[in-house]
Amino acid sequence: MKHFISTRGIDSATAIRLLDTTADMADVRQRDVKKLPTLRGKTVANVFFEDSTRTRLSFEAAALALSADVSTFTSKGSSVSKGESLKDTVQTLESMGADFIVLRHCDSGAAATLAQSGWINAHVINAGDGTHEHPTQALLDAYTLRSRLFGDSARGRNLAGVRIVIVGDILHSRVARSNVWLLATLGAHVTLVAPRTLMPRDIAAWPVAIVHTLDEALDEGVDAVMTLRIQKERMNDAFFPDAAEYTRFWGMTTARFDAVRANTLVMHPGPMNRGLEIAGSIADSANSTVRDQVSHGVAARMAVLYTLLGEDAS
Amino acid sequence: MASKVVLSSPDIERALKRIAHEIIEAQRGRHDLVFLGIPTRGVVLSERLAQLVNDIEPQHIDCGVLDVTMYRDDLRTKSTRATTPTTIPASGIDGKTVVLVDDVLYSGRTIRAALDAVTALGRPAAVRLAVLVDRGHRELPIRADFVGKNLPSSVDERVYVQLAETDGDEMVGIR
Amino acid sequence: MSTIIRKASIMGGDPADIRIEDGQIVAVGVNVGGADVEIDASGLIALPGLVDLHTHLREPGGESSETILSGSRAAAAGGFTAVHAMANTSPVADNANVVDYVYRKGLEAGYVEVRPVGAVTHNLAGESLADIGAMARSTAAVTVFSDDGKCVGDSLLMRRALEYVATFGGVIAQHAQDPRLTIDAQMNEGAMSAELGLAGWPRVAEEAIIARDVLLAEYTGARLHVCHLSTAGSVEVIRWAKQRGIQVTAEATPHHLLLTDDLAQNYNPLFKVNPPLRTRDDVEAVRRGVADGTIDIVATDHAPHGSATKDCTWSDASFGMVGLESALSIVQHALVDTGLIGWADVARIMSTTPARIGSVDGYDAPLTVGSLANITLVDPSATTVWGADKLAGRSTNTPFTGLTLPGRVVHTFFRGTHTVRDGSIVELSQAGNA
Chain C
50 MKHFISTRGI
60 DSATAIRLLD
70 TTADMADVRQ
80 RDVKKLPTLR
90 GKTVANVFFE
100 DSTRTRLSFE
110 AAALALSADV
120 STFTSKGSSV
130 SKGESLKDTV
140 QTLESMGADF
150 IVLRHCDSGA
160 AATLAQSGWI
170 NAHVINAGDG
180 THEHPTQALL
190 DAYTLRSRLF
200 GDSARGRNLA
210 GVRIVIVGDI
220 LHSRVARSNV
230 WLLATLGAHV
240 TLVAPRTLMP
250 RDIAAWPVAI
260 VHTLDEALDE
270 GVDAVMTLRI
280 QKERMNDAFF
290 PDAAEYTRFW
300 GMTTARFDAV
310 RANTLVMHPG
320 PMNRGLEIAG
330 SIADSANSTV
340 RDQVSHGVAA
350 RMAVLYTLLG
360 EDAS
Chain E
80 MASKVVLSSP
90 DIERALKRIA
100 HEIIEAQRGR
110 HDLVFLGIPT
120 RGVVLSERLA
130 QLVNDIEPQH
140 IDCGVLDVTM
150 YRDDLRTKST
160 RATTPTTIPA
170 SGIDGKTVVL
180 VDDVLYSGRT
190 IRAALDAVTA
200 LGRPAAVRLA
210 VLVDRGHREL
220 PIRADFVGKN
230 LPSSVDERVY
240 VQLAETDGDE
250 MVGIR
Chain R
3 MSTIIRKASI
13 MGGDPADIRI
23 EDGQIVAVGV
33 NVGGADVEID
43 ASGLIALPGL
53 VDLHTHLREP
63 GGESSETILS
73 GSRAAAAGGF
83 TAVHAMANTS
93 PVADNANVVD
103 YVYRKGLEAG
113 YVEVRPVGAV
123 THNLAGESLA
133 DIGAMARSTA
143 AVTVFSDDGK
153 CVGDSLLMRR
163 ALEYVATFGG
173 VIAQHAQDPR
183 LTIDAQMNEG
193 AMSAELGLAG
203 WPRVAEEAII
213 ARDVLLAEYT
223 GARLHVCHLS
233 TAGSVEVIRW
243 AKQRGIQVTA
253 EATPHHLLLT
263 DDLAQNYNPL
273 FKVNPPLRTR
283 DDVEAVRRGV
293 ADGTIDIVAT
303 DHAPHGSATK
313 DCTWSDASFG
323 MVGLESALSI
333 VQHALVDTGL
343 IGWADVARIM
353 STTPARIGSV
363 DGYDAPLTVG
373 SLANITLVDP
383 SATTVWGADK
393 LAGRSTNTPF
403 TGLTLPGRVV
413 HTFFRGTHTV
423 RDGSIVELSQ
433 AGNA
C-alpha cells in the first residue's frame, strides 16, 4: 500500500492487519515511553485546506509518536487564499522534504488526484476529501467497535455478524462512505438510515440495507448505532424542515436509547450537536464510544503511517 | 543446496537444559527473572526456558513477548511486517533481570532493536541474551550471554529452526 | 487554378472524379478532364465539408486556450469547413461589435467559415435580452443565438427570446440545464456520483428544461434547437415533440455517443464535461436517436481549456473537452462501424443539416455541380491510436487519449482552398488572400 485514499478495495486480510496494528499502537500509547522510533528521519506534512483542528491534532500526535518530523500547513492566512493551487502547495512541501502528505481538502477526490497525478512521490493519506471518504476515521471506528465488542479476544477478528446502523446525512458524509466499505469488508451488517433527501441515489449496489426512519432500523436489533453530525445549514436547503423534526425521526433520543438492548454502543465521529442528532446524556453514557474514538484515532493513524512506510522498500 | 541437520530434538532439549543451569548460576539465587521472547520462536523458547529453570530451582518466573518490529532499522527497506502484541508482566520489568530469548543470533540488529524496545518499557536491573544458535556474522557489537550452539556458517547458507509448537517438527538445520 | 479529385467514393457510394475550379465544383463523374492538381482519392470517401454548430473558439478573451486561428486549424484538421463560434467569450458576444470581430478574424484565418453565435441575454446573465436584432443585421449576420454554458432558465425570458429571435428568422440553441437542480453539480447523478461523493447533475435537470422549451416553441411557433442532449429521457421528449410537429432540432456530441460516467472513477478532470457523461443506457439511446433522426445533428462542443484548469482537483477543473479533430472518427466508430448509419447519413448529420439549422449557405446540394467546393476526404480504413499529438488547436484536453479510433481526414477543401493535404494542415498565408 503506497497511499491510503479510500477504504474501498482494502481486502479483509489487510483490514484485519490494520486493526491489529492499531491495537499494538494503542498498547504503546499506554506505556511510560509512548514514542516509537519507527519514522525517525521521515517528515509528515499535514496539509489542511479545510479546517479541522481535531483531525489535524490527531495526525500530528500519531506522527510525533512514531518519531517523525511534522510540518503543518493550513490554508488559513496562507497563499492558498491568494490562489496557489493544490499542485503548487504539495510540490513545495515535498521540496521541503515531506515523505508523507496528510491531505484534508474540501473537494471530493483531492487525495486521489494527488496520488495519481504524478505531481509528487510522497505517500498520500486522505484525511477527509469533500463528501467522498475519510478512511482513517473508518479505521478507528472499526477498531473501537471491535475492541468494545470483543475485548481481549479481538485480535485477528473481523466483525462478522455485527449489526451497525449509520444514521444521518449519508449523502454528504465521507465518514459514512468509508465506514460502509470497511465494515462490509469486515463482515458487518450495515443499515443506512436517512430521509430520502439525505440518501444518495442509485446505491442499490452498496453492501448495505437502507431504511428511512431510525425506529425501523432499531426494531431489527443492533449492536451499535453510529450517529452522524448534521450540518445545520441543510435545513435551509430544504433537506428537512427543522431541527425538531430531524431529532424526532432521526435523532438518537433517550426514548430510543431506552428501547434498545442495554449494551448497544452509540458512536459519533464528532463534533456532536448535542440534542440534535444525539442526546447529551447518551453521549456521556457508558454506551458511548465517543471518547474511545478520539483516543483510538491516534493509534489508527499510527498504524496507517507504519503500514505505508513498508512500501518504500525498493 | 544440501540440507544438514545440526541439532536434533534431543540436542535442542539438552542445549536448553544447559542454558537453564547457566542462567541459574549467573543469577546466584536472585529471584527476579523475566523472560522476554522475541516472536515467533523466541517466545516458545522463552517459555520452555522458564519451565526448565523452575524445574531445577522452583521459583516464580515471569514470561512475556517483546515485539521489536517498530524498532527495526530496516523498516524502510523491507515491506511492511505484521506486528505482534508486546506483553510484559503486570508488575513491569523495572529492577528485574530481563533475559531476551531468540532462536538465532546473526547480525545483531534484531537484538539492537530489542534493547530499544526494552528501554521503552522500563528500566531493568540487567538485560541478558539467550539464543539457541549463534551463527556469527555480527554487524553490531553484541554478544549472547547464553548460547545453545555456536554454528559457524557462510552468509550464503540459511540456518533454520523448527520447534514443535510452531512448526510441528523439531530441529535446527543448515542449507 | 483547377483541381481534380480522382476516384473518391461519393458519400460512401460509387467512385467518381470531382473537378474544382474557382472554389466551385464544376464537374462530377467520369471523364472530367485534366487539371493543375490531381489527387488520387481511391479508397477515400468524399463528404461535403463538415459544419459544426457548436464550437468554442475562446477568442476574444481566452486566447491562451484557443484563438480563432488555432481553432480554425483544428476544425480543418477534423474535416470541417464551417464552425459556429459560441458566444461565451470575454467580452461576451452579446453585441454587433464582438460578433463582427469574430467574423472578421475568421475570414482572416481562412481555414473555415466562422459563424458567430450571438448571446441570448446580456453578458449571459439570463436577465435581459442581448442586442439580438443588431447582431442579426450585422456583417456577421448572426442567425443562431445561445447562452451556451448557461441555460436560459427563466421561463418568461425564454418565451420572449424565442419570439424575438423568430422575428429575425433566427433560432435559439438552448443549453438545457435547470440551474437550481444543478447547483455545484459535478457529474451525472447516479451510482458513480454516490460513490465518489461528487454533487450530482440529475438527468431531470436537462429533461425538464427541454420539455418546457418544446412546449414554449409550440406555443410561440418559434424554432428551437437543443444543444448537446445527453439522456435517454431527452431523446424521448424530442421524439414526442417532433411527433407533435413542433419546430425543434437537437444535437448530440461525439463524447456523449461514446463515453460514460464511470470514467470519473479516478477523478481525472479530462472526463469532466457539461452536460456530464451519462450511463451506457443513455449512450445507446442517444445513438439510436441519431440513427432514427430524432437527433438531427452531431456537434462537437469543442471546449478548449489550458492545462492549469485541468491539472487540479475534479471540482476545481473546468467543464469541457476538445473535439473538432476527433469528431468524425468518433462518429464513424460509434455510428457507422456499428451499422447504425451510413456515410450519406454522416453527410446529413455533420454537414447538410447543421448548415440548414445555422443558415449557412452552400451546403444544400452536397457534392453536386455548381455547389461550393467544401469537401472532406476521409480514409475510413485508417486507424489511429488517439493522443494529444493528433490535435491541432492550442489545448490538449481530449478525453480519447489511448483509444484506437477508425478513420482519418486526409484532405479538406474549403471553397476550393486546400486546407488539409495528406493529413497535414496547409499553411495558408493569412489575411484572407488564400
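Chains as they are written, first to last, in my numbering: chain C, 50 to 363; chain E, 80 to 254; chain R, 3 to 436. Ideal Cβ positions, reconstructed from N, Cα and C, are used throughout, including at glycine.
For residue i, which residues from the same chain have a beta carbon less than 8 Å from its beta carbon, with the 5 sequence-adjacent residues on both sides left out?
{"i": "G177(C)", "result": "E99, S101, T104, R153, H154, H183, Q186 and R223"}
{"i": "V371(R)", "result": "I27, V28, A29 and V30"}
{"i": "E326(C)", "result": "V216, G217, T276, L277, R278, I279, Y295, T296, W299, G300, M301 and H317"}
{"i": "E360(C)", "result": "M50, K51 and H172"}
On the three-state DSSP scale, how would you describe residue i?
{"i": "A365(C)", "result": "Look at the range of chain C in this structure, 50 to 363, and you will see that residue 365(C) is not part of it."}
{"i": "K131(C)", "result": "Note that K131(C) scores a pLDDT of 47, beneath 50, so its modelled location is shaky and nothing firm can be said."}
{"i": "M321(C)", "result": "coil"}
{"i": "Q342(C)", "result": "helix"}
{"i": "T71(C)", "result": "helix"}
{"i": "L231(R)", "result": "coil"}
{"i": "H238(C)", "result": "strand"}
{"i": "A394(R)", "result": "coil"}
{"i": "F288(C)", "result": "coil"}
{"i": "L49(R)", "result": "strand"}
{"i": "V239(R)", "result": "helix"}
{"i": "R237(E)", "result": "coil"}
{"i": "E197(R)", "result": "helix"}
{"i": "S309(R)", "result": "helix"}
{"i": "I65(C)", "result": "helix"}
{"i": "V347(C)", "result": "helix"}
Who are the near neighbours of residue i in its chain, counting only those whose CB is closer than 7 Å to its CB and skipping five residues on each side?
{"i": "A304(C)", "result": "none"}
{"i": "V122(E)", "result": "G116 and V144"}
{"i": "A234(R)", "result": "D283, D284 and A287"}
{"i": "E218(E)", "result": "S186, G187 and R188"}
{"i": "S397(R)", "result": "S67, E68, P306, H307, G308 and V324"}
{"i": "D19(R)", "result": "I6, I7, R8, K9, G31, V32 and V34"}
Using a Cβ cut-off of 8 Å, pull out every chain E residue sitting near residue i, in sequence order please.
{"i": "R80(C)", "result": "A199 and L200"}
{"i": "S72(C)", "result": "Note on identity: in this sequence residue 72(C) is Ala, with Ser being the wrong assignment. Neighbours of A72(C) on chain E, chain order: P164."}
{"i": "D76(C)", "result": "P164 and T165"}
{"i": "L354(C)", "result": "In chain order: nothing, as chain E lies at least about 11 Å away."}
For residue i, which residues of its own chain have a beta-carbon under 6 Å away from its beta-carbon, when the five flanking residues on both sides are left out?
{"i": "K131(C)", "result": "Its pLDDT being 47, under 50, K131(C) is placed unreliably in this model, and the value from its coordinates should be taken loosely. Within the same chain, K131(C) has no close Cβ partners at all."}
{"i": "V211(C)", "result": "A237 and D272"}
{"i": "L241(C)", "result": "I215, I219, V257 and I259"}
{"i": "S175(R)", "result": "The sequence shown places Ala at residue 175(R), rather than the Ser named in the question. Excluding residues within five positions, the ones whose Cβ falls inside 6 Å are V146, S148, H227 and C229."}
{"i": "F97(C)", "result": "R105, T123 and R153"}
{"i": "I22(R)", "result": "T5, A375 and G418"}
{"i": "A161(C)", "result": "I54"}
{"i": "G346(C)", "result": "S107 and L189"}
Applying a beta-carbon distance threshold of less than 9 Å, which residues of chain R neighbour residue i?
{"i": "D190(C)", "result": "Correct list: empty, because the minimum Cβ distance to chain R is about 18 Å."}
Going by DSSP, what residues sit across from residue i in a beta bridge?
{"i": "T57(R)", "result": "A87(R) and H304(R)"}
{"i": "G202(R)", "result": "M189(R)"}
{"i": "V315(C)", "result": "V274(C) and S337(C)"}
{"i": "E104(E)", "result": "Answer is none; E104(E) lacks a bridge partner."}
{"i": "Q26(R)", "result": "E23(R) and L374(R)"}
{"i": "S4(R)", "result": "E23(R)"}
{"i": "N364(C)", "result": "Outside the shown range of chain C, which is 50 to 363, sits residue 364(C), and nothing can be said about it."}
{"i": "M441(R)", "result": "Because residue 441(R) is not part of the residues shown, which for chain R are 3 to 436, the question remains open."}
Mind pulling the chain E residues with CB within less than 7 Å of residue i?
{"i": "R66(C)", "result": "A161"}
Identify the contact partners of residue i in chain C, using a Cβ-Cβ distance below 7 Å as the criterion.
{"i": "G188(E)", "result": "Reading the sequence as shown, one finds Arg at residue 188(E) and not Gly. Those do not exist, as R188(E) stays about 13 Å from chain C at its closest Cβ, beyond 7 Å."}
Please compile the residues from chain C whose C-beta is within a distance smaller than 8 Å of the C-beta of residue i.
{"i": "W316(R)", "result": "D156, S157, G158 and T162"}
{"i": "Y150(E)", "result": "L85, P86 and T87"}
Inset, instruction - Could I get the ranges of all uninterrupted beta strand (DSSP E) runs contained in the segment 74-152 of chain C, with 3 residues as the minimum, in chain order? - result: The segment 74-152 of chain C contains these whole beta strand (DSSP E) runs: 92-97 and 118-123.
Inset, instruction - Give, in chain order, every unbroken run of the beta strand (DSSP E) that is at least 3 residues long and sits entirely within the segment 63-121 of chain R. - result: With a minimum length of 3 residues, the continuous beta strand (DSSP E) runs that stay inside the segment 63-121 of chain R are 82-87 and 115-118.
Inset, instruction - Please go through the segment 117-177 of chain R and give each complete beta strand (DSSP E) segment of 3 or more residues, from N-terminal end onward. - result: List check, beta strand (DSSP E) in window: 173-176.
Inset, instruction - Report the residue ranges of all beta strand (DSSP E) runs contained in full by the segment 92-166 of chain E; include only those spanning at least 3 residues, in chain order. - result: Runs of the beta strand (DSSP E) inside the segment 92-166 of chain E: 112-116 and 141-144.
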